[in-house]
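Asker: Attaching a single structure in structure tokens format; questions to follow.
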Amino acid sequence: MRLRLSHRAHPFVSDQELQNMQPFVRAAHQLMVEKTGVGSDFLGWIDLPEQSAEMIAALKKKANEIAQKSNVLVVIGIGGSYLGTRAALSFLGPALPELAEPALRVVYAGHNMSATYLTELLAELDRYDVAVNVISKSGTTTEPALAFRFLQAYMEKRYGKEEAATRIVATTDRANGALVAMSRAASYTTFVIPDDVGGRYSVLTPVGLFPLAVAGVDIDALLAGARRAKQELVDVDVLKNDAYAYAALRNILLRKGCAIEAFVSYEPGMHYIAEWWKQLFGESEGKDGRGLFPASLDFSTDLHSMGQYVQEGARILFESVVRVKKPRHALTIPELEGNADGLNYLALQSVQHVNDTALRATMLAHEDGRVPQVLFELDDMSEQSLGYLFYFFELSCAISGYLLGVNPFDQPGVEAYKKNMFALLGKPGFEAERARLETPR
Ligand SMILES: O=P(O)(O)OC[C@H]1O[C@H](O)[C@H](O)[C@@H](O)[C@@H]1O
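Heads up: the sequence shown runs through residues 1 to 441, numbered per full-length UniProt numbering.
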């Protein structure tokens, strides 16, 4: 249940270079543990692996009640309010939700503003017993607020106000935002996102824990994995703490001219882990004109599309590859009589061996193509390993942001499009902004 760094971008970064970062890593570590860095009022994520048993019990009780009477949970949220859940469920399986018949399906809304998506979602819901978890830290984000307006109306029309209120759970701020007031007025069960935890660091709060519990995920194991990471990743020595080594490597590679970091995995279940990771690092570091651009690649799929670019395109990227040591299933390749497909040289070998060989072959090819690579090994695809992974990257990201000299916990740039959208839509209070936007440039 661990995530380990097993290849440190050698030969593009030497251990000496990594060690040269030690004083800066120590300073970043101190800013974090002494809570003296910028954004220090958002360090609540550090202690989430040890949160109150009482809250977890209340959360599980409501999750059970919802799971008993529903077979679809609509998770309404955007950014950090849904990516952790989506990442966890795609990681833990089933691998093919389209074909599987789970006792409960989780579907998403409020992560886009597509009329097509929302209309088709609402049209399908009649066939299911539905529950809704609306999640927004601010309680005012447009995408989830808009989706909830439709979903709330749907639930009340279908079940009546009283029953709908038992099927809707809100996860939001303790006191602020429209969602708090709406939940009070309608008597929804609510779970609180702590003040000192930002959206992209919130997967181990009720933001992720509640929908995951409804979906039958062992959230105790998830938290145990995160606890283990918290206990293990404490050494300030950059050569002994993989989370710190990763943070230092990213910063070294950025300074060597890599503008892009691609998160690479060979398991389709990691796809949304990469999406979660992109928000974590993108919002934490992309500011003040700095930061690596976080991208992702699903191998071996993307080797047949983006592989060409990685091998021979502009030398501006490095890869952070995650190898799963023990996938959920083992599969042996059968022998084929007559060998019509020419694959008998692989007969009786495991599919995992072929996938792993693709990883080795690709790493060697990319090294020849002058692409620095960092390799992680993840023990398996269990809840515990996932909890470890979440905590590992959150910790790395905080240290990495401090090494970069930015505030890893704010996201001021996200407001720019929102302000323009409100102005262009005619939201009261944005008249001056609208006039500015409509002035010919
Ligand atoms: O939970 P909410 O307040 O609705 O925010 C949802 C997301 O949208 C915002 O614009 C932020 O950039 C994200 O960091 C956040 O996770």
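Note that the Cβ used here is the ideal one computed from N, Cα and C, for glycine as well.
Please name the residue or residues paired with PHE293 in a DSSP beta bridge.
Answerer: ILE260
Asker: Report the partner residues of ARG255 according to the DSSP bridge assignment.
Answerer: In the DSSP output, where bridge partners are listed per residue, ARG255 has none listed.
Asker: Please report how far the alpha carbon of ALA243 lies from the alpha carbon of GLU383, in whole angstroms.
Answerer: 19 Å
Asker: Which runs of the beta strand (DSSP E) fall wholly inside the stretch 83-134 and span at least 3 residues, in chain order?
Answerer: With a minimum length of 3 residues, the continuous beta strand (DSSP E) runs that stay inside the stretch 83-134 are 105-109.
Asker: Cβ of TYR402 within 7 Å of Cβ of ALA28?
Answerer: Yes, the Cβ-Cβ distance between TYR402 and ALA28 is below 7 Å.
Asker: Shortest alpha-carbon distance to GLU394 belongs to which of TRP276, LEU404, GLY291?
Answerer: Residue TRP276 holds the alpha-carbon nearest to the alpha-carbon of GLU394 among TRP276, LEU404, GLY291.
Asker: Thinking C-beta only, is LEU212 closer than 7 Å to GLY387?
Answerer: no
Asker: What whole-angstrom Cβ distance do LEU146 and VAL132 have, given they're in contact under 8 Å?
Answerer: LEU146 to VAL132, Cβ: 14 Å. No contact.
Asker: Where does THR189 land, buried or exposed, given buried means 16+ other C-beta within 10 angstroms?
Answerer: Per the 10 Å Cβ criterion, buried.
Asker: Go through the stretch 373-440 residue by residue and report every complete run of the alpha helix (DSSP H) that reaches 4 residues or more, in order.
Answerer: 383-404, 415-425, 431-438
Asker: For a quick check, are the C-beta atoms of CYS258 and LEU317 less than 7 Å apart?
Answerer: yes
Asker: Suppose only complete runs of 4+ residues qualify. What are the alpha helix (DSSP H) ranges in the stretch 148-211, listed by chain order?
Answerer: Secondary structure remark: continuous alpha helix (DSSP H) runs of at least 4 residues inside the stretch 148-211, in chain order: 161-167, 178-186.
Asker: Indicate whether the contact test is met: 3 or more Cβ pairs, each with one atom in the stretch 232-248 and one in the stretch 276-294, closer than 8 Å.
Answerer: In short, these stretches do not touch, since the Cβ pair count stays below three.
Asker: For a test of your reading of the model: does the CB of ARG200 fall under 6 Å from any non-hydrogen atom of ligand 1? Yes or no.
Answerer: ARG200 has its Cβ nearer than 6 Å to a heavy atom of ligand 1.
Asker: According to DSSP, which residues form a beta bridge with SER6?
Answerer: Paired residues: none, contrary to the question.
Asker: Could you tell me the alpha carbon to alpha carbon distance between ALA42 and LEU59, rounded to whole angstroms?
Answerer: Position check: residue 42 holds Phe in this sequence, whereas Ala was assumed. The straight-line gap from Cα to Cα measures roughly 23 Å.
Asker: Which class does GLU267 belong to by DSSP, given the choice of helix, strand or coil?
Answerer: coil
Asker: So, helix, strand or coil for LYS69, using DSSP?
Answerer: helix
Asker: Can you tell which of SER305, TYR345, VAL351, TYR159 has the C-alpha that lies nearest to the C-alpha of LYS69?
Answerer: TYR159
Asker: Quick check on the DSSP output: what are the complete beta strand (DSSP E) runs of length 3 or more inside the stretch 313-370, in order along the chain?
Answerer: Scanning the stretch 313-370 from its first residue to its last, the whole beta strand (DSSP E) runs of 3-plus residues come out as 317-326.
Asker: Alpha carbon to alpha carbon, how far is SER40 from ARG149? Give it in angstroms, no decimals.
Answerer: 35 Å
Asker: Can we count GLY39 as close to ligand 1, meaning its CB is less than 6 Å from some heavy atom?
Answerer: no
Asker: Shorter than 6 Å, the distance from the beta carbon of VAL414 to the closest heavy atom of ligand 1, or not?
Answerer: For VAL414, the shortest separation between its Cβ and any heavy atom of ligand 1 lies below 6 Å.
Asker: Whole angstroms is fine: what's the gap from ARG315's alpha carbon to THR362's?
Answerer: Pairing ARG315 with THR362, the inter-Cα distance amounts to about 16 Å.
Asker: Just verifying my parser: in three-state terms, what is the DSSP assignment at ASP302?
Answerer: It is helical.
Asker: Please tell me whether, using a cut-off of 6 Å, the distance from the CB of THR141 to the nearest non-hydrogen atom of ligand 1 is below it.
Answerer: yes
Asker: For ligand 1, any of its heavy atoms closer than 6 Å to the Cβ of GLY80?
Answerer: yes
Asker: Using only the alpha-carbon positions, how far apart do PRO327 and TYR272 sit?
Answerer: 17 Å
Asker: Can you tell me whether GLN51 sits near ligand 1, meaning its C-beta is under 6 Å from at least one heavy atom of the ligand?
Answerer: no
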